[in-house]
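Protein sequence lines correspond, in order, to chains V and S.
Per my numbering, residue 110 is the first one in the first sequence, and the count goes up by one each step.
Per my numbering, residue 110 is the first one in the second sequence, and the count goes up by one each step.
All residues carry an ideal CB built from backbone N, CA and C; glycine is no exception.
Protein chains: 2
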Amino acid sequence: VGSNPTLSAILIPGAGTIIKKARQVPLVLAGFGHVGKAFCGLLQEKDELLRKHYGLALKLQAVLKSDGGFISDSGITPKGFPDRPGQNTARSPLWKPGQTLEAVLKTVKPGVLVECTPSNVQTGEPGLGHLRAALRGGWHVVTANKGPLAVDFKGLRDLAQANHLVLKYSAATAAALPTIDVGLYSLAGAEIISIEGILNGTTNYILTRMGEGAEYKEALREAQDQGIAEHNPALDVEGWDTAVKLLLIANSVLGLDLTLQDIKVEGITQITSGLLEKAKQEEKTLKLIGRMTQAPGRWKAEVSPMSVESTHPLFGVSRTNKGITFWTDTMGAVTVTGGKSDPRGAAAALLKDIIHIFCIPNATTSFRL
Amino acid sequence: VGSNPTLSAILIPGAGTIIKKARQVPLVLAGFGHVGKAFCGLLQEKDELLRKHYGLALKLQAVLKSDGGFISDSGITPKGFPDRPGQNTARSPLWKPGQTLEAVLKTVKPGVLVECTPSNVQTGEPGLGHLRAALRGGWHVVTANKGPLAVDFKGLRDLAQANHLVLKYSAATAAALPTIDVGLYSLAGAEIISIEGILNGTTNYILTRMGEGAEYKEALREAQDQGIAEHNPALDVEGWDTAVKLLLIANSVLGLDLTLQDIKVEGITQITSGLLEKAKQEEKTLKLIGRMTQAPGRWKAEVSPMSVESTHPLFGVSRTNKGITFWTDTMGAVTVTGGKSDPRGAAAALLKDIIHIFCIPNATTSFRL
């Protein structure tokens, strides 16, 4: 106990159900940054598992960048990309300069759009245009990009529903930490009384280090040096990254139509190591919490540094870890913590969402396809 | 932060999808103890939510006890039962003395059997006979009873698969704590490297109290006085309750066919407060852990008191709380903790399993029925 054992053999979850013929699903990937590349790698790595245990043959037919795309009718494998990062894309025979996502979606039989372009929570672009084109064109969507959902959650949800398509965004709501999964699936039939989440790893790391005595600026610089915080950390430390994740979770799990304007947001920039020391003396700690509570007749959404008692299920969630607690009427408090937030973790969340569009793993019956 | 807010208004999870016509599902309940009664109460309490958000009209057509049953074609409501606990069942007009489950299953249109009879991990009865009769007769099954699954997991799973029926048992694997849900659903596409769980509330309470200085016998007596431990605590303190839960989780999530004989089981009866004090000095603690790890070419299953480091995600799971950690190849460590284990929590887990037989909540599309 205490560490993740590293073992050579990796066995496979699931009921051991043999699926005879895998269903072919065309994929188009928009965005080829860290997450997009990790997703391409995962598709190769998991090909056999996906066929055998989930009955899915995922076929990557196009990968779009801002200046063109790799396209292949027969499916893109790692050989379709330039050998080395930074190498000229034009060296790939699959590269079509100037190719746009919108054009590609019209020529490929609809399947799933995987959206991984950079997040812009002001305009939502370029992801917003991608999601709208996909949902109008009959494509399911899984996305790691918060921007479009922060800007137009309701519009996108309505568009998916009107077209009988699935729009999923686990990767945008804390990557491999299953937040919406637990709230919607594991708590089915329970009523949620309140939600509290530590949803941003960067601020949690800074607060943890401040609890160990570091001052804010020192802890932030340390996080930047380690690649945990971005060069411009404003979205994280001012609470907006937490707010967008809270919006996605609350709208999904509670069926709301919150916009960012509905959330009261306060970051951690005013926190001092002295405040953390004081909390510690009272056997508490300070965490940046995204919280949904109920005021008479409506939900109240807020993000702010809050005092957390030592008996609270999120008390021990420290460093870059994240976690979320759902307080319910019948099931008590259910808390989920952990889950990788690196590009591979985000890619795994995208893959999970694709699996859930087509089948629900079940221990005792064949998966439903 | 820090306590479960008590508020009058309870809002409803889900996407706010309006379902026009609810699907009628006949239910038969076997066992009318604490869990069975809590389940009956929950059916009434959740009737509107089930119709509106999950499209389900659950109709309780029979409740079987060991000496007969309450039967009603038009559905049993609380009025169908005797007014007060302990009151003679014969006072209910719905009471049919000597009625058996097997006979009832043949006369009602198949739906879902809800199994809540007392657990017997030696013989599996009477639940084992109930489950076999139901699965042979075209009934889906949800059960809170560990006995039948401990005795014949493979046989029951095969029987469900052969008849294209769903057999679910969340309530038997830590009640409202979503163990199998997280392993099968939230980790879809990931490969599980190892599993570690604190799966028994009684032993966790005793170990917590011993960590606070109490001796074993004192802590056990205290747990018995508070109704946490049973008069005969052998199944808990000797590790067998944890072993059965580990068996159910591992067989489901990893697709194995473990029997109880495959699990190395050691309880907490040899633990002293001195050992806990020593662990504390090393910033560790002792927990009764059910663990699945991989030896070359096979899985190793064991239950024993283990040393847990302060950085381990289960370190803070104390008193009657439970928790489980899945270590994966792509998603890191995902841990879920909490979830009520009282009769209402178990009943909520039964209800969740019924919902999942018929629909999967989804944030952006209508539920799939």
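- prompt: Roughly how many angstroms separate the alpha carbons of V:Asp-462 and S:Glu-234, rounded to a whole number?
  reply: The residue you call residue 462 of chain V lines up with position 353 of the first sequence. The residue you call residue 234 of chain S lines up with position 125 of the second sequence. Going by the C-alpha atoms only, they are around 40 Å apart.
query: Which residues in the same chain as S:Gly-177 place their Cβ atom closer than 8 Å to its Cβ, once the five residues preceding and following it in sequence are excluded?
result: Within the second sequence, the letter at position 68 stands for residue 177 of chain S. Here the set comprises Thr-198, Trp-204, Lys-205, Pro-206, Gly-207 and Gln-208.
field: S:Glu-157 in three-state terms, based on DSSP
entry: Locating residue 157 of chain S in the second sequence gives position 48, counting from the first residue. Correct three-state label for S:Glu-157: helix.
- request: Measure the CB-CB distance between S:Ser-450 and S:Ala-259 and report whether it falls below 7 Å.
  value: Taking the second sequence and counting its residues from 1, one reaches residue 450 of chain S at position 341. Taking the second sequence and counting its residues from 1, one reaches residue 259 of chain S at position 150. No, these two residues do not count as a Cβ contact at 7 Å.
Residue environment, S:Asp-182, which counts as buried when at least 16 other CB atoms sit within 10 Å: What you label residue 182 of chain S is simply residue 73 of the second sequence in a count that begins at 1. The residue is exposed, with fewer than 16 neighbouring Cβ atoms inside 10 Å.
- prompt: Pick from V:Leu-363, V:Thr-317, V:Thr-312 and V:Arg-318: whose alpha carbon is nearest that of V:Ala-338?
  reply: Looking up residue 338 of chain V in the first sequence gives position 229. It is V:Thr-312 whose Cα lies nearest to the Cα of V:Ala-338.
field: Cβ contact (3+ pairs, closer than 8 Å) linking the stretch 359 to 375 of chain V and the stretch 405 to 418 of chain V
entry: yes
- prompt: Closest by CA to S:Thr-434, which one among V:Pro-422, V:Thr-437, V:Asp-438 and V:Gly-447?
  reply: What you label residue 434 of chain S is simply residue 325 of the second sequence in a count that begins at 1. Comparing Cα-Cα distances from S:Thr-434 to each of V:Pro-422, V:Thr-437, V:Asp-438 and V:Gly-447, the minimum goes to V:Gly-447.
task: Check each candidate in S:Gly-310, S:Asp-290, S:Gly-142 and S:Leu-240 and name the one with the smallest Cα separation from S:Gln-335.
output: Translated into the one-based positions of the second sequence, residue 335 of chain S becomes position 226. Measuring from the Cα of S:Gln-335, the nearest candidate turns out to be S:Gly-310.
Coarse secondary structure for V:Ser-361, derived from DSSP in three states: The count along the first sequence starts at 1 and reaches residue 361 of chain V at position 252. Here V:Ser-361 sits in helix by DSSP.
query: Taking S:Gly-306 as the reference, which of S:Arg-241, S:Lys-389, S:His-143 and S:Val-353 has the closest Cα?
result: What you label residue 306 of chain S is simply residue 197 of the second sequence in a count that begins at 1. For the residues S:Arg-241, S:Lys-389, S:His-143 and S:Val-353, the minimum Cα distance to S:Gly-306 belongs to S:Val-353.
- request: Provide the residue(s) that pair with V:Phe-262 in DSSP beta bridges, ordered along the chain.
  value: Counting from one through the first sequence, the residue named residue 262 of chain V turns up at place 153. V:Phe-262 is not bridged to any residue.
- request: Determine the direct distance from the alpha carbon of V:Gly-189 to that of V:Val-213, and round the result to whole angstroms.
  value: Position 104 of the first sequence, counted from the start, is the residue given in the question as residue 213 of chain V. Position 80 of the first sequence, counted from the start, is the residue given in the question as residue 189 of chain V. Taking the straight line joining both Cα atoms gives about 17 Å.
query: Quick one: Cα of S:Lys-218 to Cα of S:Gly-399, how far?
result: Sequence index remark: in the second sequence, residue 218 of chain S carries index 109 (1-based). Sequence index remark: in the second sequence, residue 399 of chain S carries index 290 (1-based). S:Lys-218 and S:Gly-399: Cα-Cα distance of roughly 40 Å.
query: V:Met-440 CB to nearest chain S CB: under 7 Å?
result: Numbered from 1 along the first sequence, position 331 holds the residue referred to as residue 440 of chain V. Taking Cβ atoms only, chain S reaches closer than 7 Å to V:Met-440, which makes this a yes.
- prompt: Taking the Cβ atom as the reference point for each residue, do S:Ala-299 and S:Met-440 lie within a distance shorter than 7 Å?
  reply: Taking the first residue of the second sequence as position 1, residue 299 of chain S is located at position 190. Taking the first residue of the second sequence as position 1, residue 440 of chain S is located at position 331. Yes, they are a contact pair.
- request: Using a Cβ cut-off of 7 Å (strictly closer), state whether V:Thr-464 contacts chain S.
  value: Numbered from 1 along the first sequence, position 355 holds the residue referred to as residue 464 of chain V. Reading the sequence as shown, one finds Ile at residue 464 of chain V and not Thr. So, interface residue.
message: Quick check: is the beta carbon of S:Gly-425 nearer than 7 Å to any beta carbon in chain V?
response: Here residue 425 of chain S refers to the residue found at position 316 of the second sequence. By this cut-off, S:Gly-425 is an interface position.
query: Looking at S:Val-230 and S:Ile-466, is the spacing between their C-beta atoms short of 7 Å?
result: As a first step, residue 466 of chain S is located in the second sequence; it is residue number 357 there, counting from the start. As a first step, residue 230 of chain S is located in the second sequence; it is residue number 121 there, counting from the start. No, the Cβ-Cβ distance between S:Ile-466 and S:Val-230 is not below 7 Å.
- prompt: Interface residues of chain S around V:Asp-350 at Cβ under 8 Å?
  reply: Taking the first residue of the first sequence as 1, we reach residue 350 of chain V at position 241. Within 8 Å Cβ-Cβ: nothing; V:Asp-350 doesn't reach chain S, min ~19 Å.
field: Reference S:Phe-262, options S:Tyr-325, S:Leu-355 and S:Lys-130, closest by Cα
entry: Sequence index remark: in the second sequence, residue 262 of chain S carries index 153 (1-based). Minimum Cα distance to S:Phe-262 is reached at S:Leu-355.
task: Closer than 7 Å by beta-carbon distance: list the chain V residues that pair up with S:Ala-271, in chain order.
output: Here residue 271 of chain S is taken as the residue at index 162 of the second sequence, counted from 1. Correct list: empty, because the minimum Cβ distance to chain V is about 10 Å.
query: Touch check for the stretch 339 to 346 of chain V and the stretch 289 to 303 of chain V: three-plus C-beta pairs under 8 Å?
result: no
query: Going by DSSP, what residues sit across from S:Phe-435 in a beta bridge?
result: Sequence index remark: in the second sequence, residue 435 of chain S carries index 326 (1-based). S:Ile-304 and S:Val-443, per the DSSP bridge assignment.
- prompt: Does V:Gly-447 have its Cβ less than 7 Å from a Cβ in chain S?
  reply: Locating residue 447 of chain V in the first sequence gives position 338, where the first residue counts as 1. Yes, contact with chain S.
task: Classify V:Lys-387 as buried or exposed, calling it buried when 16 or more other Cβ atoms lie within 10 Å of its own Cβ.
output: In the first sequence, counting from the first residue as 1, residue 387 of chain V sits at position 278. Exposed is the call here.
message: Would you say V:Tyr-294 lies against chain S (beta-carbon separation less than 7 Å)?
response: Residue numbering aside, residue 294 of chain V sits at position 185 when the first sequence is read from its first letter. Taking Cβ atoms only, chain S reaches closer than 7 Å to V:Tyr-294, which makes this a yes.
message: For a test of the three-state rule: what should DSSP assign to V:Gly-145, helix, strand or coil?
response: The residue given as residue 145 of chain V occupies position 36 in the first sequence. The answer is helix: DSSP assigns V:Gly-145 an H, G or I state.
field: Near-chain S residues of the stretch 134 to 161 of chain V - C-beta to any C-beta below 8 Å
entry: Leu-151, Lys-155, Leu-158 and Leu-159
task: Alpha carbon to alpha carbon, how far is V:Pro-227 from V:Leu-237? Give it in angstroms, no decimals.
output: For the purposes of this step, residue 237 of chain V is taken as the residue at position 128 of the first sequence. For the purposes of this step, residue 227 of chain V is taken as the residue at position 118 of the first sequence. Taking the straight line from one Cα to the other gives about 11 Å.
query: If we ignore side chains and look at the alpha-carbon of each, how far apart do V:Gly-383 and S:Arg-428 end up?
result: In the first sequence, counting from the first residue as 1, residue 383 of chain V sits at position 274. In the second sequence, counting from the first residue as 1, residue 428 of chain S sits at position 319. So the alpha carbons of these two residues sit roughly 31 Å apart.
field: Contiguous beta strand (DSSP E) assignments of at least 3 residues, all confined to the stretch 193 to 260 of chain S
entry: 204 to 206, 221 to 224 and 249 to 252
query: Any beta-carbon of chain S closer than 7 Å to the one on V:Thr-469?
result: For this step, residue 469 of chain V is matched to residue 360 along the first sequence. According to the sequence as given, residue 469 of chain V is Ile; it is not Thr. Yes, V:Ile-469 counts as interfacial toward chain S.
task: Quick one: grab the DSSP three-state call for V:Leu-385.
output: Within the first sequence, numbered from 1, the residue matching residue 385 of chain V stands at position 276. Three-state DSSP puts V:Leu-385 in a helix.
message: Against chain V, which members of the stretch 282 to 314 of chain S pass a CB distance test of less than 9 Å?
response: Ala-284, Ala-285, Leu-286, Pro-287, Ile-289, Asp-290, Val-291, Gly-292, Leu-293, Tyr-294, Ser-295, Leu-296, Ala-297, Gly-298, Ala-299, Glu-300, Ile-301, Ile-302, Ser-303 and Glu-305
task: Report the rounded CA-to-CA distance for S:Ser-295 versus V:Gly-247, giving the unit in angstroms.
output: Locating residue 295 of chain S in the second sequence gives position 186, counting from the first residue. Locating residue 247 of chain V in the first sequence gives position 138, counting from the first residue. Those two C-alpha atoms are separated by around 26 Å.
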